[in-house]
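**Student:** Going by full-length UniProt numbering, the first residue of the sequence shown is number 1, and it counts up by one from there.
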Amino acid sequence: MTASDDDFINDASDDDADVRAPGRAKDRNTRSKAAQQKESGFEVSRTWEALEEGADGTLTGAVEGLLEAGKRKRLLKDTTPLQRGIIRHLILIIDLSVAMLEKDLRPTRHLLTLRYTQDFIIEFFEQNPISQLGIIAMHDGLAVRVSPLSGNPTEHLTAIANLRNHASPKYLDPKGHPSLENALEMARASLFHAPSHGTREILLVFGALHSADPGDVHVTIGALVSDKIRARVISLAASLAVCAELVSRTNDGSSSGYSVVLNEQHFRELMMDITTPPVTQSSAATTSNSLLMMGFPSQARAGGGAGVSGRYECPVCCQSGGAKMGPMGEDVEGPLEGEGPNGTNGINVVEKTTTAESEPLPMEIDDPS
């Protein structure tokens, strides 16, 4: 082999090295990016690979499974044993201004909000079967009552369906500017007669960047605070100072109830989170109804086991000394020190038969004093 052949072989090997070098550099870059993603806790989620066709050839079962998984996730999100209000009175305010025609949320903000509102109604009454819901719309500077405060989900679903049905006389096309003050005042009036043992809540779905109010909305927010009405806001556009103030002032300074939507899935998750009963506020926990403590005494046995006597055992203090009382209505002989008026433990005893014969059965007995 000649010297020229050696030179040709050396040149070819150098060219191959130059060609392979970018490939090795690319592999190193790919591995480094994968390592960085793993270290940062970010991984690509291919959710479409988890979908499987059912026996009928559709994805209905897979979609229902994903919805049930989301529901379990919400229930297990916070397992802290806290007192929550199970009787809720919630007013849902939806924006029907011209801003809801934007298509940043597909198909439009308006149609997506109505669809998620129907899902919200169904889930709300599944999680809160003895609660009540009302719906108000902000349309062309006015507050329009879509459905009154009611515990019937069918009524609310029908009202939402009429909003998007062109043939319905109650059809509302997004128009004009929203009025936050008018909507909050109508919601406040709807919750005025709600009993104190239940929660008073407002959920606002706001799509605009402004509010056309006839008066001072800050005065309305102060009235909501006085009426102990809690507000939560889901913004479809951006964070607004007036909405942040509304949430903060009505929730004892907490702004956790104010969220801005990122995408369609995030919007649905935010609405479904509202279906979980809220934590009872400390101020509401201290205010209790004036009730009488009542108990059902057991008839005491005579000495030596010779049958029953005409005396009764107090259901409160019989465990700590066997305190007994005379005929029905007399004070307990062994009072608990420091409890109750006139040296008694303050319990009112009544026979079971007396309660059973009453019609209707009394659920609460107000203190006449």
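Note that the Cβ used here is the ideal one computed from N, Cα and C, for glycine as well.
Please name the residue, chosen from Leu92, Ser131, Gly141, that lies closest to Asn99 on a Cα-to-Cα basis.
**Tutor:** Looking at the sequence itself, residue 99 is Ala, so the reference to Asn does not match. The shortest Cα separation from Ala99 among Leu92, Ser131, Gly141 belongs to Gly141.
**Student:** Short of 7 angstroms in beta carbon distance, which residues of its chain neighbour Leu95, apart from the five on each side in sequence? Order them along the chain.
**Tutor:** Leu is not the amino acid found at residue 95; the sequence shown has Asp there. Here the set comprises Met138, Pro178, Val205, Phe206, Gly207, Ala208.
**Student:** Determine the burial state of Pro169: buried for a count of at least 16 other Cβ atoms within 10 Å of its Cβ, exposed for fewer.
**Tutor:** Per the 10 Å Cβ criterion, exposed.
**Student:** Identify the continuous beta strand (DSSP E) that holds Asp95 and give its terminal residues.
**Tutor:** Here the beta strand (DSSP E) through Asp95 covers 88-95.
**Student:** Starting from Tyr116, follow its DSSP beta bridges and name the residues at the other end.
**Tutor:** BP columns for Tyr116 are empty, so no partner.
**Student:** Quick one: using the 10 Å Cβ neighbour count with 16 as the cut-off for buried, is Gly321 buried or exposed?
**Tutor:** The predicted model places Gly321 with a pLDDT of 49, which falls under 50 and marks its position as unreliable, so this point remains unresolved.
**Student:** Is Ala237 helix, strand or coil by DSSP?
**Tutor:** Ala237 falls in the coil class under three-state DSSP.
**Student:** Identify every run of the beta strand (DSSP E) within the segment 163-234, keeping only runs that are complete inside it and at least 3 residues long; order them along the chain.
**Tutor:** Entirely contained in the segment 163-234, the beta strand (DSSP E) runs reaching 3 residues are, in chain order, 199-206.
**Student:** Between the segment 187-203 and the segment 157-171, do three or more beta carbon pairs fall short of 8 angstroms?
**Tutor:** In short, these stretches do not touch, since the Cβ pair count stays below three.
**Student:** Using beta-carbon positions only, say whether Leu203 and Ile93 come within less than 9 angstroms of one another.
**Tutor:** Yes, Cβ-Cβ distance for Leu203 and Ile93 is below 9 angstroms.
**Student:** Is it buried or exposed, Tyr116, if we count other Cβ atoms within 10 angstroms and call 16 or more buried?
**Tutor:** Buried.
**Student:** What do you reckon, are the CB atoms on Glu269 and His89 nearer than 9 angstroms?
**Tutor:** No, these two residues do not count as a Cβ contact at 9 angstroms.
**Student:** Would you give the residue range spanned by the beta strand (DSSP E) that Leu149 belongs to?
**Tutor:** Per DSSP, Leu149 belongs to the beta strand (DSSP E) from 142-150.
**Student:** Taking only runs of the beta strand (DSSP E) that begin and end inside the segment 234-281, which ones reach a length of at least 3 residues, in chain order?
**Tutor:** Qualifying beta strand (DSSP E) stretches, in chain order: 258-260.
**Student:** Let me confirm a value: Val219 is counted as buried when at least 16 other C-beta atoms fall within 10 Å, else exposed. Which label applies?
**Tutor:** Exposed, by the Cβ-count rule.
**Student:** Helix, strand or coil for Ile130 per DSSP?
**Tutor:** Looking at Ile130 - three-state DSSP - the assignment turns out to be coil, as it is neither helix nor strand.
**Student:** Determine the direct distance from the alpha carbon of Arg249 to that of Glu155, and round the result to whole angstroms.
**Tutor:** Each residue's alpha carbon lies about 32 angstroms from the other.
**Student:** Bridge partners for Ala137 per DSSP, in chain order?
**Tutor:** DSSP, once it has assigned bridges, lists Ile94, Val144 as partnering Ala137.
**Student:** Answer yes or no: do Val261 and Ile234 have a C-beta to C-beta separation smaller than 9 angstroms?
**Tutor:** Yes, they are a contact pair.
**Student:** Can you tell me which of Met272, Tyr258, Ser259, Glu181 puts its alpha carbon nearest to the alpha carbon of Ile221?
**Tutor:** Checked all of Met272, Tyr258, Ser259, Glu181; the closest Cα to Ile221 is Glu181.
**Student:** Restricting to Cα atoms, I'd like to know which of Asn152, Leu105, Arg145 is closest to Gln132.
**Tutor:** Minimum Cα distance to Gln132 is reached at Asn152.
**Student:** Hey, how far is the Cα of Gln127 from the Cα of Val225?
**Tutor:** Answer to the nearest angstrom: the Cα atoms are 26 angstroms apart.
**Student:** Where Glu53 and Glu64 are concerned, what is the direct C-alpha to C-alpha distance, given to the nearest angstrom?
**Tutor:** Taking the straight line joining both Cα atoms gives about 12 angstroms.
**Student:** Within a Cβ cutoff of 6 angstroms, which residues of the same chain sit near Leu112, ignoring the five residues on either side of it in sequence?
**Tutor:** Within the same chain, Leu112 has close Cβ partners Leu105.
**Student:** Does the separation of the CB atoms of Gly134 and Leu114 fall below 9 angstroms?
**Tutor:** Taking 9 angstroms as the Cβ cut-off, Gly134 and Leu114 do not qualify as a contacting pair.
**Student:** Could you give the distance in angstroms between the alpha-carbon of Arg145 and the alpha-carbon of Ile86?
**Tutor:** C-alpha separation (whole angstroms): 25 angstroms.
**Student:** Check whether the Cβ atoms of Ile136 and Ala183 lie closer than 9 angstroms to each other.
**Tutor:** Cβ distance < 9 angstroms, so Ile136 and Ala183 count as in contact.
**Student:** According to DSSP, is Glu313 helix, strand or coil?
**Tutor:** Strand.
**Student:** Buried or exposed: which applies to Ile130, given that a residue is buried once 16 or more other Cβ atoms fall within 10 Å of its Cβ?
**Tutor:** It counts as exposed.
**Student:** I need the straight-line Cα distance from Glu245 to His210, nearest angstrom please.
**Tutor:** In a straight line, the C-alpha of Glu245 is about 14 angstroms away from that of His210.
**Student:** By Cβ distance, which residues of its chain are closer than 6 angstroms to Ser259, with the 5 residues on each side in sequence left out?
**Tutor:** If we look at Ser259 and ignore the five residues flanking it on each side, its Cβ neighbours are Ile234, Leu270.
**Student:** With a 10 Å radius around its C-beta and 16 neighbouring C-beta atoms as the bar for buried, classify Glu337 as buried or exposed.
**Tutor:** Unreliable positioning characterises Glu337 in this predicted model, as indicated by a pLDDT of 40, which lies under 50. A coordinate reading is not provided.
**Student:** Does the separation of the CB atoms of Val242 and Val279 fall below 9 angstroms?
**Tutor:** In this structure, Val279 does not lie closer than 9 angstroms to Val242 by Cβ.
**Student:** Spatial neighbours of Glu359 within its chain, please: C-beta separation below 6 angstroms, excluding the five flanking residues on both sides.
**Tutor:** Note that Glu359 scores 47 on pLDDT, short of 50, meaning its location in the model is unreliable; the coordinates nonetheless yield the value given after this. Excluding residues within five positions, none has a Cβ falling inside 6 angstroms.
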